[in-house]
Amino acid sequence: DTEVTQTPKHLVMGMTNKKSLKCEQHMGHRAMYWYKQKAKKPPELMFVYSYEKLSINESVPSRFSPECPNSSLLNLHLHALQPEDSALYLCASSQATTGYRVGYTFGSGTRLTVV
Amino acid sequence: ILNVEQSPQSLHVQEGDSTNFTCSFPSSNFYALHWYRWETAKSPEALFVMTLNGDEKKKGRISATLNTKEGYSYLYIKGSQPEDSATYLCARSPTGANNLFFGTGTRLTVIP
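Sequences listed follow chains D and Y, in order.
For the first sequence, the positions run 1432 to 1546 when the working numbering is used.
For the second sequence, the positions run 201 to 312 when the working numbering is used.
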């Protein structure tokens, strides 16, 4: 299995809702990432997990709460989002120590709309 | 250059034409430069990872070069085909930690 699977592919949520995005990989990668991409902008790094521990938080608001319950699964819990949080959320994975020189494997993203 | 910049933003070429585009990045604190190919509604696909000044990589009709001293990388596509239509993203690793910083991409459309 050489894929990163993200669910759901599309999500519409209200500003008072709580929802979660899910990302799964079975390649034995021990680093997993959340990126956010808004239209015509580059993907922006949000969080990095390395060996199931949060290693990088790029000053992301607390209404986004990541979780890595095991080495194959990465969640992003969403609560009290704003319409400006509408974006494509991409998950990626890589080898933990060599990912920067080997490359990442990306999922196809979750298109989130906050109404 | 503070960020990763890509040019042009978009490009239309005829089938069979060869083309190239540029990724510019800060030349300080360089560890790696990645190229990804991203088709609409699909996952970004890794094309190349380059780490050494002067690196050249090739994958079929696509090749890339790297100049870390002046802070740029070129991606070349020889004999473009409609299936090459995609957004081509480059990304820089500035620290050797797992944090990639992306450019906005070059959107290539190959006209049959």
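Note that the Cβ used here is the ideal one computed from N, Cα and C, for glycine as well.
In its own chain, which residues sit with a C-beta less than 8 Å from the C-beta of residue i, not counting the 5 before and 5 after it?
| i | result |
| --- | --- |
| Pro312 of chain Y | Glu215 and Pro282 |
| Asn1506 of chain D | Ser1451, Leu1452, Lys1453, Cys1454, Pro1497, Glu1498, Cys1499 and Pro1500 |
| Leu1442 of chain D | Lys1450, Leu1452, Thr1541, Arg1542, Leu1543 and Thr1544 |
| Leu1504 of chain D | Lys1453, Cys1454 and Glu1455 |
| Ala1527 of chain D | His1460, Arg1461, Ala1462, Ser1481 and Tyr1482 |
Residues of chain D with CB closer than 7 Å to the CB of residue i, please, in chain order.
| i | result |
| --- | --- |
| Phe302 of chain Y | Pro1473 and Pro1474 |
| Val249 of chain Y | Arg1532, Val1533 and Gly1534 |
| His212 of chain Y | The premise fails here: His212 of chain Y is roughly 18 Å from chain D at the closest Cβ pair, so nothing lies under 7 Å. |
Kindly identify the DSSP beta-bridge partner or partners of residue i.
| i | result |
| --- | --- |
| Ala264 of chain Y | Y:Lys257 and Y:Leu275 |
| Ala241 of chain Y | None; Ala241 of chain Y has no bridge partner. |
| Thr295 of chain Y | Answer is none; Thr295 of chain Y lacks a bridge partner. |
| Gln206 of chain Y | Y:Cys223 |
| Asn1506 of chain D | D:Lys1453 and D:Glu1498 |
| Val1479 of chain D | D:Tyr1464 and D:Ile1487 |
| Leu289 of chain Y | Y:Tyr236 |
Looking at residue i: is its Cβ nearer than 8 Å to the Cβ of residue j?
| i | j | result |
| --- | --- | --- |
| Pro244 of chain Y | Phe1537 of chain D | yes |
| Leu1452 of chain D | Tyr1520 of chain D | yes |
| Gln206 of chain Y | Gly279 of chain Y | no |
Keeping to the same chain, check which residues put their C-beta closer than 7 Å to that of residue i; ignore five residues upstream and five downstream.
| i | result |
| --- | --- |
| Gln1513 of chain D | Met1446 and Val1545 |
| His187 of chain Y | As shown, chain Y starts at 201 and ends at 312. That puts residue 187 of chain Y outside it, with no answer to give. |
| Val1435 of chain D | Cys1454, Gln1456, Cys1522, Ala1523, Ser1524, Thr1536, Phe1537 and Gly1538 |
| Gly296 of chain Y | Tyr231 |
| Met1458 of chain D | Asp1432, Thr1433, Ser1524 and Thr1536 |
| Val204 of chain Y | Cys223, Phe225, Cys290, Ala291, Arg292, Phe301, Phe302 and Gly303 |
So, at 6 Å on beta carbons, what are the nonlocal neighbours of residue i in its own chain, with the 5 sequence-adjacent residues on each side left out?
| i | result |
| --- | --- |
| Arg307 of chain Y | Ser210 and Thr287 |
| Tyr1535 of chain D | Ala1523 and Ser1525 |
| Gln1479 of chain D | A quick correction: the sequence has Val, not Gln, at residue 1479 of chain D. Same-chain partners within the cutoff: Tyr1464, Ser1486 and Ile1487. |
| Asp1516 of chain D | Val1545 |
| Ala1511 of chain D | Arg1494 |
Can you list the residues of chain Y that residue i reaches, using a CB-CB cut of under 8 Å?
| i | result |
| --- | --- |
| Ala1462 of chain D | Asn298 |
| Ser1481 of chain D | Asn298 |
| Val1597 of chain D | Residue numbering for chain D in the displayed model covers 1432 to 1546; residue 1597 of chain D lies beyond these limits and cannot be assessed. |
Taking residue i and residue j to be in contact with their CB atoms under 8 Å, please state how far apart those CB atoms are, rounded to whole angstroms.
| i | j | result |
| --- | --- | --- |
| Ser218 of chain Y | Ile262 of chain Y | 11 Å between Cβ atoms; not a contact. |
| Leu1476 of chain D | Leu300 of chain Y | 7 Å |
| Phe221 of chain Y | Leu275 of chain Y | 6 Å |
| Phe225 of chain Y | Arg292 of chain Y | 5 Å |
| Ala1462 of chain D | Asn298 of chain Y | 5 Å |
| Thr265 of chain Y | Glu256 of chain Y | 5 Å |
| Glu270 of chain Y | Ser227 of chain Y | 6 Å |
List, in order along the chain, the chain D residues whose C-beta lies closer than 8 Å to that of residue i?
| i | result |
| --- | --- |
| Ser293 of chain Y | Tyr1531 and Arg1532 |
Could you name the residues of chain Y that residue i contacts, counting a contact when the two beta carbons are closer than 9 Å?
| i | result |
| --- | --- |
| Ser1410 of chain D | Since the displayed chain D opens at 1432 and closes at 1546, residue 1410 of chain D lies outside it and no answer follows. |
Can you name the residues of chain D whose CB is closer than 9 Å to the CB of residue i?
| i | result |
| --- | --- |
| Tyr231 of chain Y | Tyr1531 and Arg1532 |
| Ala286 of chain Y | Simply none; closest approach about 13 Å. |
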